[in-house]
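> Got a structure here, written out as structure tokens. Questions coming.
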Amino acid sequence: MKVFLNGELMPIGMARVPVQDRGFLFGDGVYEYMPVYSRRPFRLAEHLTRLKASLNALEIANPHDDARWGEIIRQVIAANPWDDQGVYLQITRGVAPRDHAFPRGLKPTVYVSASPLVTPSRGQIDHGVAAITHEDFRWLRCDIKTTALIASCMLRNMAVQNGCAETILLRDGFLTEASASNVMVVRAGVVLAPPKSRLMLAGITYDVVLELLEKSGVPLAVRQISESELRTADEVWLTSSSKEVLAVSRLDGEPVGNGNTAGSPGPVFRRAHALYQEYKSTVMRSSTHV
């Protein structure tokens, strides 16, 4: 694997960061993750816009303009062997003696890597996955894509310990998101999505799915979703760069939905999944969205 670190492309085994890097000491940094299909970065402009928003929120100077970021990302894609990749960008505030206050004038540490893109298996798509619910005990700025992810790690680990794919989060009686995914539900044929706020990350895939549904005439509403609406939903979906669109077929051990199709992905999910795959194929064949 080849990675980019502070201006240089190198084997990952050669990459080194000083122990006084604030990313190591405080989690003082931001990150982005984007899927790459057939060596084409997916929604690059949108990912870079979100990266800039996170950097601005933490008062970290953006080390590159969009054109240079594009060059670096394509350099890393070209240096690695996979056609479909997940590209990870991390920018920390830089190296300084340990002190909680933000030091001024630091040179940010820039790290970019890639790995094989792992998307849901055919079995997961056909049968869905299991999830659990839990109180959302993360901090109040989940809209910042910061590297300080220990709460999300704890919540994701709960899912793994329970043999599940995700932990879906509830705060004050309402759905926010999951430990590493956005969440949508379907009730009476209408797709419901929580509104963007500081309590959830604005997902790029979340945006794409809503755009595709709207263009296809699928009824949808962006509004708060209560816990009872989640638990009695006809369908529950996860969306993310790696999960794409994935149905939850069991929630807290109970089947999602009613009737003969209980516990299996529903018809609106199948429509959304087909729309996403069709759109993805279009992106892979053209440079319009890269």
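In my numbering, the protein residues as written are 1 to 290. All residues carry an ideal CB built from backbone N, CA and C; glycine is no exception.
What is the C-beta distance between residue 185 and residue 233, in whole angstroms, given that I count them as a contact (C-beta under 8 Å)?
Looking up residue 185 in the sequence shown gives position 185. Looking up residue 233 in the sequence shown gives position 233. Contact flag correct, Cβ pair sits at about 4 Å.
> Please classify residue 204 as buried or exposed, where buried requires at least 16 other C-beta atoms within 10 Å of its C-beta.
Position 204 of the sequence shown, counted from the first residue, corresponds to residue 204. So residue 204 ends up on the buried side.
> Alpha carbon to alpha carbon, how far is residue 259 from residue 238?
Translated into positions along the sequence shown, residue 259 becomes position 259. Translated into positions along the sequence shown, residue 238 becomes position 238. Note that residue 259 scores 45 on pLDDT, short of 50, meaning its location in the model is unreliable; the coordinates nonetheless yield the value given after this. Cα to Cα, residue 259 sits roughly 22 Å from residue 238.
> Which partner residues of residue 132 appear in the DSSP bridge assignment?
Along the sequence shown, read from residue 1 onward, the residue named residue 132 stands at position 132. Residue 132 is bridged to 167.
> Could you pull the start and end residues of the alpha helix (DSSP H) that residue 54 belongs to?
Translated into the one-based positions of the sequence shown, residue 54 becomes position 54. Here the alpha helix (DSSP H) through residue 54 covers 44 to 57.
> What three-state label does DSSP hand residue 188 in the structure shown?
If you number the sequence shown from 1, residue 188 lands on position 188. Coil.
> Just tell me which of 281, 285, 243, 278 has its CA closest to the CA of residue 124.
Reading the sequence shown from its first residue, position 124 is the one you call residue 124. Among 281, 285, 243, 278, the Cα nearest to that of residue 124 is on 243.
> Mind checking residue 265: buried by the 16 CB within 10 Å criterion, or exposed?
Stepping through the sequence shown from its first residue, residue 265 is reached at position 265. The residue in question, residue 265, is buried, as its Cβ has 16 or more Cβ neighbours within 10 Å.
> Between the C-alpha atoms of residue 13 and residue 80, what's the straight-line distance to the nearest angstrom?
Working through the sequence shown from its first residue, we reach residue 13 at position 13. Working through the sequence shown from its first residue, we reach residue 80 at position 80. For residue 13 and residue 80, the distance between alpha carbons rounds to 14 Å.
> Roughly how many angstroms separate the alpha carbons of residue 288 and residue 211, rounded to a whole number?
Walking along the sequence shown from the start, residue 288 turns up at place 288. Walking along the sequence shown from the start, residue 211 turns up at place 211. Caution applies to residue 288, whose pLDDT of 47 falls short of 50 and renders its modelled position unreliable; the value that the coordinates give is listed next. Roughly 16 Å between the two C-alpha positions.
> Grab the span of the beta strand (DSSP E) containing residue 203 for me, first residue to last.
In the sequence shown, residue 203 corresponds to position 203, counting from 1. Here residue 203 belongs to no beta strand (DSSP E), and DSSP marks it neither H nor E.
> Is it the case that the Cβ atoms of residue 89 and residue 136 are separated by a distance below 9 Å?
Mapped onto the sequence shown, residue 89 falls at position 89. Mapped onto the sequence shown, residue 136 falls at position 136. No, they are not a contact pair.
> So what does DSSP say about residue 207, is it helix, strand or coil?
Counting from 1 along the sequence shown, the entry for residue 207 is found at position 207. Three-state result, residue 207: helix.
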